[in-house]
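Enquirer: I am attaching a structure below and will ask some questions about it afterwards.
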Amino acid sequence: MDSKNLSKPAKEPTTKLSEILNGRLNFQGIPLEILIEPSPFGFGRVLLQNKNLLVKTPATVPAAEKSDFCRNQITGWLKAQARSVFNAEVHAMSDKYGFKVNNIAIKDTRSRWGSCSVKTNLNFNWRLIMTPPEVLRYVVIHETAHLEEMNHSERFWALVEKRCPDYQIQRNWLKNHGLAILQWELKI
Ligand SMILES: [Zn+2]
Numbered sequence: 558m559d560s561k562n563l564s565k566p567a568k569e570p571t572t573k574l575s576e577i578l579n580g581r582l583n584f585q586g587i588p589l590e591i592l593i594e595p596s597p598f599g600f601g602r603v604l605l606q607n608k609n610l611l612v613k614t615p616a617t618v619p620a621a622e623k624s625d626f627c628r629n630q631i632t633g634w635l636k637a638q639a640r641s642v643f644n645a646e647v648h649a650m651s652d653k654y655g656f657k658v659n660n661i662a663i664k665d666t667r668s669r670w671g672s673c674s675v676k677t678n679l680n681f682n683w684r685l686i687m688t689p690p691e692v693l694r695y696v697v698i699h700e701t702a703h704l705e706e707m708n709h710s711e712r713f714w715a716l717v718e719k720r721c722p723d724y725q726i727q728r729n730w731l732k733n734h735g736l737a738i739l740q741w742e743l744k745i
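The sequence shown lines up with residues 558 to 745 when you count with my numbering.
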């Protein structure tokens, strides 16, 4: 600040550009700060910038509905990110290990991380997008290993270990933090 400004009374900006919300959010294991910003458009948008998640909110959203609006925007964004990360991981592994997958679905469940059916359909919990990438990858390795071993036999775990040598670390991470992730709700 230069000396010129010191003589002037402190001026509050007339419009607050961004406002820090109290919501806490982990994205791929990294804590993000949620910032809500006005949008010049009639629709909302979510942008990831460094460690900030910007929620662009149109002026037409009434103040009383702003929290709900932002919550929906952020949840939708997280699910879309989860979908693209799971698709990329499964396709990379299918190229590497030569298995075939029928369908990949992203589920909203509070009880399981993933599943694999005899029809080679894979389901994954979108909440895994909040965990470190190696934890999400372990779940993909676990479920896709079921395409070859539809059980939890020694052969199954040997296959998981071959593809994910530190899988015990990722399993332990889920044991320690999994419940918090499954129960997580965005409070803003
Ligand atoms: Zn399993």
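Every residue, glycine too, gets a C-beta built ideally from N, C-alpha and C. None of the values given here were measured: they were computed from a predicted structure.
#1: Report the residue from Val-618, Leu-611, Met-650, Gly-599 whose alpha carbon sits nearest the alpha carbon of Ile-631.
#2: Ser-596: which of Lys-613, Glu-622, Gln-585 sits nearest, CA to CA?
#3: With burial defined as no fewer than 16 other Cβ atoms inside 10 Å of the residue's Cβ, what is the status of Val-642: buried or exposed?
#4: Comparing alpha-carbon positions, which option in Asp-665, Asn-678, Pro-690 lies nearest Glu-646?
#5: To the nearest angstrom, report how far apart Gly-586 and His-648 are at their CA atoms.
#6: What's the gap between the Cα of Ser-674 and the Cα of Glu-700?
#7: For Ile-686 and Phe-584, which I take to be in contact (beta-carbon distance under 8 Å), what is that distance rounded to the nearest angstrom?
#8: Looking at the strands, I want to know which residues DSSP matches up with Arg-640.
#9: Only counting runs of 4 or more residues, tell me where the alpha helix (DSSP H) segments fall wholly within the segment 610-697, in order along the chain.
#10: For Leu-716, which residues in the same chain have their Cβ closer than 8 Å to its Cβ, ignoring the five residues on either side in sequence?
Expert: Once the coordinates are examined:
#1: On the sequence shown, position 74 is the one that residue 631 refers to. Among Val-618, Leu-611, Met-650, Gly-599, the Cα nearest to that of Ile-631 is on Leu-611.
#2: Locating residue 596 in the sequence shown gives position 39, counting from the first residue. If we check each option's Cα against that of Ser-596, Lys-613 comes out closest.
#3: In the sequence shown, the residue the question calls residue 642 occupies position 85. Buried, since its Cβ has 16 or more Cβ neighbours within 10 Å.
#4: As a working note, residue 646 is residue 89 in the sequence shown. Residue Pro-690 is the option with its Cα nearest to Glu-646.
#5: Counted from its first residue, the sequence shown places residue 586 at position 29. Counted from its first residue, the sequence shown places residue 648 at position 91. Cα to Cα, the separation comes out at about 22 Å.
#6: Here residue 674 corresponds to residue number 117 of the sequence shown, with the count starting at 1. Here residue 700 corresponds to residue number 143 of the sequence shown, with the count starting at 1. Their Cα atoms are separated by approximately 9 Å.
#7: Start at 1 with the first residue of the sequence shown, and residue 686 comes out as number 129. Start at 1 with the first residue of the sequence shown, and residue 584 comes out as number 27. That pair is a contact at about 7 Å.
#8: Within the sequence shown, residue 640 is the residue found at index 83, counting from 1. Per DSSP, none; premise fails for Arg-640.
#9: 623-654
#10: Within the sequence shown, residue 716 is the residue found at index 159, counting from 1. Closer than 8 Å at the Cβ level, and outside the excluded window around Leu-716, lie Ala-702, Glu-705, Glu-706.
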